[in-house]
Amino acid sequence: MKERLQKFISNAGITSRRNAEKLIVAGKIKVNGQVVTELGSKVDPSADQVEVEGKKITLQRKIYLVLNKPKKYVTTRKDKLNRKTVYDLLPAIYRNLVWPVGRLDYTTEGLLIFTNDGELTQTLTHPSKEHEKEYEVVLDKALSAGRADKIRNGMMLDGKKTSPAKLQVNGKTVRLTIHEGWNRQIKRMFAAFGLTVRSIKRIRIGKLQLSGLELGQSKIIQRKDII
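Under our numbering, residues 26 to 252 are what the sequence shown spells out, in order.
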């Protein structure tokens, strides 16, 4: 049975489906020796030979890892400033096989998923899927009830309204659940009220909870643990 070329590439663990589409358009994919640039192109995984930037690919087993990221690690494979990266914390046998699903800021800690499953990556990161991400946020001052309601109902941020959020307030500590992933969104939301974020920890993605995992530790999980 034939399937879309970008889906085959993501299922092979090469990259996400979205990035595979960029590679196709850029003319970096060959099927049976011929360059393919049409996003609607399909391949037969059992018969066609696919090359990505000159490298032949085959389907491989899916890997799912969860990491409890500490602060002061960057979510990238290499860092121009020679800071420690999240890959330094992964078992060596997986470092060249997986990529992070989304990212956490340098000063943010908590749950980070790694995989070679391009379809799952697309599902978890595409805004239309609205997968929940829950954070524990510590502020410099207590959040007032009125400001909490504004966050719950959606607030204006740089001319754009955020989606409604779930919020639990306990003094300076806030449990915030959102499904968006704007750049530095959480810090910007609270900064709009003149509040400073002291710390952020991601404690849940979808149904996957951060529990029983020490800072800096990772473990293998199953796809069904996530969604």
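All C-beta atoms in this analysis are idealised placements derived from N, C-alpha and C, irrespective of residue type, glycine included. Since the model is a prediction, treat every value here as computed from it, not as a measurement.
Taking 8 angstroms as the threshold, find out whether the region 147 to 165 comes into contact with the region 221 to 228 through three or more Cβ pairs.
Cβ pair count under 8 angstroms is three or more, so yes.
Give the single residue among L115, K32, V99, T101 whose Cα lies nearest to the Cα of T83.
In this structure, K32 is the residue among L115, K32, V99, T101 with its C-alpha nearest to the C-alpha of T83.
What are the partner residues of R200, as DSSP defines its beta bridges?
As computed with DSSP, R200 is found in a beta bridge with E161, Q193.
Output the distance between the C-alpha atoms of F218 and Q210, rounded to the nearest integer angstrom.
Distance between the alpha carbons of F218 and Q210: 13 angstroms.
Would you call L240 buried or exposed, if buried means 16 or more other Cβ atoms sit within 10 Å of its Cβ?
Counting the other Cβ atoms within 10 Å of the Cβ of L240 gives fewer than 16, which makes it exposed.
Okay, do the region 134 to 150 and the region 39 to 51 touch, 3+ Cβ pairs below 8 angstroms being the bar?
Touching, per the Cβ criterion.
Could you give the residue range of the alpha helix (DSSP H) that holds K212?
Per DSSP, the unbroken alpha helix (DSSP H) holding K212 starts and ends at 210 to 216.
Go ahead and pull the three-state DSSP assignment for N121.
In the structure shown, N121 sits in coil (DSSP, three-state: anything other than H, G, I, E or B).
How long is the line joining the alpha carbons of N178 and R172, rounded to whole angstroms?
Answer to the nearest angstrom: the Cα atoms are 10 angstroms apart.
Just verifying my parser: in three-state terms, what is the DSSP assignment at G171?
In the three-state scheme derived from DSSP, where H, G and I count as helix and E and B as strand, G171 is classed as helix.
Using the C-alpha atoms, what's the distance from P70 back to A51?
Rounded to whole angstroms, A51 to P70 spans 22 angstroms at the Cα level.
Which residues in the same chain have their Cβ closer than 8 angstroms to the Cβ of T198, if we skip the five residues on either side of it in sequence?
Cβ within range, chain order: E161, V162, V163, L164.
Can the beta-carbon of L92 be found less than 8 angstroms from the beta-carbon of L122?
Not closer than 8 angstroms, so no.
Report yes if the CB atom of V111 is closer than 8 angstroms to the CB atom of Y98, and no otherwise.
A contact, by the Cβ cut-off of 8 angstroms.
According to DSSP, which residues form a beta bridge with K154?
By DSSP's assignment, K154 forms no beta bridge with any residue.
If we call anything under 8 angstroms between Cβ atoms a contact, is T187 one with E205?
The criterion of a C-beta distance shorter than 8 angstroms is satisfied by T187 and E205.
Roughly how many whole angstroms lie between the Cα atoms of P125 and K158?
If you take the alpha carbons of P125 and K158, they lie about 15 angstroms apart.
Measuring straight from C-alpha to C-alpha, what distance separates G79 and V56?
Each residue's Cα considered, the two are about 11 angstroms apart.
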